[in-house]
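Engineer: The structure's right below; bear with me while I get my questions together.
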Amino acid sequence: MNWGLIGASNIAAGHMIAALRATGGRIGWVMSGNADHAASYAAEHGIPGHGTDLGNLLQDPEITAVYISSTNEKHHAQALAAIAAGKHVLCEKPLSMTVAEAVEMVRAAEAAGVTFATNHHLRNAGTHLAIREAVQAGRIGTPLSVRVHHAVYLPQVLQGWRIDNPAAGGGVIPDITVHDADTVRFHLGEDPVEVVAMATASGLGQGVEDSCMSVWSMPSGVQVMSHESFTHAHATTGFEIHGTDGSIVAKNVMTQQPVGEVVLTTAKGSETLSYSTHNLYERSLGLFNAACAGEGRPSADGVDGVKSLAVAMAVAEAARTGRRTPVNYGGI
Ligand code: NDP
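Count along the sequence shown from 1, then add 281; that gives the number in the working numbering.
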């Protein structure tokens, strides 16, 4: 795969460039809104092509796929342009600023016959794969509830548009609630129906929420509670799923690293589950590359990206209105 990077981002520098190369990819281009930034980023990461013109990147016939990690409001137009140019697209979450735009992206990729995926990393973690396997094997019986603990401290380097720019998609709901929605859907295999929520700014958010708590109802009757924040310097993350015959309590697993602890407790006692420590992003890319070659499906496809965004949008609306809010999946 020969990749073009749309967005000269932290996530690409910190995780994706290495993962793209580790999965056999070459990186031919990086495009940014700022020419100097594009040039210095390209030099730092050994990328031959750089610039501010998306058309130049997309016209390069050598480029077979693009990875979009610009700020959130740019994803929609950039993805549609890449799809129109016949490129496969791996797009960062949230797919877009509205569910309708995200649906349009997915439909455009289907019509063009290119692979379109969402970079939800958590469902690629060995910890989450172990949790899912245990749940599917019936080890907790029938699921009753899920608790997601995803309150962290936003690193200084990321305290830019996320904390003060709603037009760029800032706020903890588009940033972290989308990941939690995807992870819950991955484990339960069903989509939230309606939500209640409260959000606040507790130290970092300026014009956007930096903390949110919400409760979601699932079609099966499972209840989900989810907590996201940018302001918790000393909290640990976690994912818990409780069932009629057992509980899984996983600590430090809402993370980009292959770490954490997963403990299953039943009437027989407690057991620490083993898991694979592979790189999350490399697994996602391996499945993406295979899907582009016509084998299998991406880890999180475009429909998954639409659905995680739809849940996050419903949480945002519920927090804004104070009302119980149905999740609108945009007909997908
Ligand atoms: P960054 O703030 O690092 O970069 C986003 C964009 O901001 C860049 O593409 C660039 O815009 C602009 N920018 C950043 N630094 C500079 C600079 N020094 N000079 C000029 N412009 C600059 O974003 P993140 O990496 O934090 O996030 C990017 C996307 O990835 C978001 O959609 C986010 O939600 C997602 N993300 C996903 C993660 C995951 O694990 N799946 C983790 C982290 C982020 P432009 O190129 O348009 O000029």
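For glycine and all other residues, C-beta sits at the position ideal for the given N, C-alpha and C.
All figures in this text were calculated on a predicted structure; none of them were measured in a lab.
Of the residues N570, Y562, T547 and S510, which one's Cα is nearest the Cα of A415?
Structural biologist: For the purposes of this step, residue 415 is taken as the residue at position 134 of the sequence shown. Measuring from the Cα of A415, the nearest candidate turns out to be T547.
Engineer: In the region 387-436, which residue ranges form an unbroken beta strand (DSSP E) of at least 3 residues, counting only runs that do not cross its ends?
Structural biologist: As far as the region 387-436 is concerned, its whole beta strand (DSSP E) runs of at least 3 residues are 397-399 and 424-432.
Engineer: Within this structure, are the beta carbons of I522 and D491 separated by less than 8 angstroms?
Structural biologist: For the purposes of this step, residue 522 is identified with residue 241 of the sequence shown, where counting begins at 1. For the purposes of this step, residue 491 is identified with residue 210 of the sequence shown, where counting begins at 1. Their beta carbons are not under 8 angstroms apart, which means I522 does not touch D491 by this criterion.
Engineer: Going by alpha carbons, who is nearest to H430 out of G519, A599, H402 and V540?
Structural biologist: Taking the first residue of the sequence shown as 1, we reach residue 430 at position 149. For the residues G519, A599, H402 and V540, the minimum Cα distance to H430 belongs to G519.
Engineer: What does a CB cutoff of less than 6 angstroms around A432 pick up in its chain, not counting 5 residues either side in sequence?
Structural biologist: The residue you call residue 432 lines up with position 151 of the sequence shown. Excluding positions up to five away in sequence, the list reads H508, S510, H513 and A516.
Engineer: Who are the Cβ neighbours of G450 in its own chain at under 7 angstroms, not counting the five residues just before and after it?
Structural biologist: What you label residue 450 is simply residue 169 of the sequence shown in a count that begins at 1. The residues are T352, N353, E354, P375 and M378.
Engineer: Given a threshold of 16 other Cβ atoms within 10 Å of its Cβ, counted over all protein chains shown, does G306 qualify as buried or as exposed?
Structural biologist: What you label residue 306 is simply residue 25 of the sequence shown in a count that begins at 1. Buried.
Engineer: How many Å lie between A323 and V534 at the Cα?
Structural biologist: The residue you call residue 323 lines up with position 42 of the sequence shown. The residue you call residue 534 lines up with position 253 of the sequence shown. Computed Cα separation, rounded: 32 angstroms.
Engineer: For A581 and I349, what's the separation of their Cα atoms in angstroms?
Structural biologist: As a first step, residue 581 must be located in the sequence shown, where it is residue number 300. As a first step, residue 349 must be located in the sequence shown, where it is residue number 68. The straight-line gap from Cα to Cα measures roughly 15 angstroms.
Engineer: For T352, is the beta carbon positioned less than 7 angstroms from some heavy atom of the ligand HEM?
Structural biologist: Absence of the ligand HEM is noted for the structure shown, with the ligand NDP being the only ligands found.
Engineer: Does the pairing of the region 496-508 with the region 401-418 give three or more beta-carbon distances under 8 angstroms?
Structural biologist: Touching, no, given that fewer than three Cβ pairs across the two stretches are closer than 8 angstroms.
Engineer: Does the Cβ of D317 have 16 or more other Cβ atoms within 10 Å, making it buried, or fewer, making it exposed?
Structural biologist: As a working mapping, residue 317 is identified with position 36 in the sequence shown. Counting Cβ neighbours within 10 Å, D317 comes out exposed, since fewer than 16 surround it.
Engineer: Is the beta carbon of I454 closer than 8 angstroms to that of A597?
Structural biologist: The count along the sequence shown starts at 1 and reaches residue 597 at position 316. The count along the sequence shown starts at 1 and reaches residue 454 at position 173. Cβ atoms of A597 and I454: closer than 8 angstroms.
Engineer: Cβ of G289 versus every heavy atom of the ligand NDP: is any distance shorter than 7 angstroms?
Structural biologist: Residue 289 sits at position 8 when you count from the first residue of the sequence shown. The residue you asked about is not Gly; residue 289 is Ala in the sequence shown. Yes, since a heavy atom of the ligand NDP falls inside the 7 angstroms radius drawn around the Cβ of A289.
Engineer: Return the CA-CA distance between L403 and D334, expressed in angstroms with no decimal places.
Structural biologist: Locating residue 403 in the sequence shown gives position 122, where the first residue counts as 1. Locating residue 334 in the sequence shown gives position 53, where the first residue counts as 1. The alpha-carbon atoms of L403 and D334 are separated by roughly 32 angstroms.
Engineer: What residues match up with V543 in a beta bridge as DSSP calls it?
Structural biologist: Taking the sequence shown and counting its residues from 1, one reaches residue 543 at position 262. V543 pairs with A531.
Engineer: What span of residues does the alpha helix (DSSP H) with A316 cover, start to end?
Structural biologist: Here residue 316 is taken as the residue at index 35 of the sequence shown, counted from 1. Its alpha helix (DSSP H) spans residues A316 to H326.
Engineer: So, are the CB atoms of K368 and V347 less than 8 angstroms apart?
Structural biologist: Taking the first residue of the sequence shown as 1, we reach residue 368 at position 87. Taking the first residue of the sequence shown as 1, we reach residue 347 at position 66. Yes.
Engineer: Comparing alpha-carbon positions, which option in A572, K532 and A365 lies nearest R428?
Structural biologist: Here residue 428 refers to the residue found at position 147 of the sequence shown. The shortest C-alpha separation from R428 is found at K532.
Engineer: Starting from H594, trace the alpha helix (DSSP H) both ways and give me its first and last residue.
Structural biologist: In the sequence shown, the residue the question calls residue 594 occupies position 313. Correcting the residue type first, residue 594 is Met in the shown sequence and not His. Start and end: G583 to T602.
Engineer: Considering just the uninterrupted stretch of the beta strand (DSSP E) at E563, what are its terminal residues?
Structural biologist: For the purposes of this step, residue 563 is identified with residue 282 of the sequence shown, where counting begins at 1. Careful: E563 lies outside any beta strand (DSSP E), inside the alpha helix (DSSP H) at L561 to C573.
Engineer: To which residues does DSSP link E490 through a beta bridge?
Structural biologist: Indexing the sequence shown from 1 puts residue 490 at position 209. Partner(s): none; E490 has no beta bridge.
Engineer: Name the DSSP beta bridge partners of A480, please?
Structural biologist: By 1-based counting over the sequence shown, the position of residue 480 is 199. DSSP, once it has assigned bridges, lists C493 as partnering A480.
Engineer: What residue from T304, G577, L338 and A299 has the CA that sits closest to E325's CA?
Structural biologist: In the sequence shown, residue 325 corresponds to position 44, counting from 1. It is A299 whose Cα lies nearest to the Cα of E325.
Engineer: Would you report the Cα separation of G314 and S290, rounded to the nearest angstrom?
Structural biologist: For the purposes of this step, residue 314 is identified with residue 33 of the sequence shown, where counting begins at 1. For the purposes of this step, residue 290 is identified with residue 9 of the sequence shown, where counting begins at 1. The straight-line gap from Cα to Cα measures roughly 11 angstroms.
Engineer: If distances are taken between C-alpha atoms only, which option among Q537, F569 and G330 comes closest to N560?
Structural biologist: Position 279 of the sequence shown holds residue 560. Of Q537, F569 and G330, the residue nearest in Cα terms is Q537.
Engineer: Can V438 and A591 be called in contact, C-beta distance under 8 angstroms?
Structural biologist: Counting from 1 along the sequence shown, the entry for residue 438 is found at position 157. Counting from 1 along the sequence shown, the entry for residue 591 is found at position 310. No; because the gap between Cβ atoms is not below 8 angstroms, this pair is not in contact.
Engineer: Can you give me the Cβ contacts of V530 inside the same chain, cut-off strictly under 6 angstroms, excluding the 5 residues immediately before and after it?
Structural biologist: In the sequence shown, residue 530 corresponds to position 249, counting from 1. Same-chain partners within the cutoff: E521 and V544.
Engineer: Confirm the yes/no value for this check: CB of L439, any heavy atom of the ligand NDP, distance under 7 angstroms.
Structural biologist: As a working note, residue 439 is residue 158 in the sequence shown. Yes.
Engineer: If you draw a straight line from the C-alpha of G586 to the C-alpha of L469, how long is it?
Structural biologist: As a working mapping, residue 586 is identified with position 305 in the sequence shown. As a working mapping, residue 469 is identified with position 188 in the sequence shown. Straight-line Cα distance between these residues: approximately 16 angstroms.
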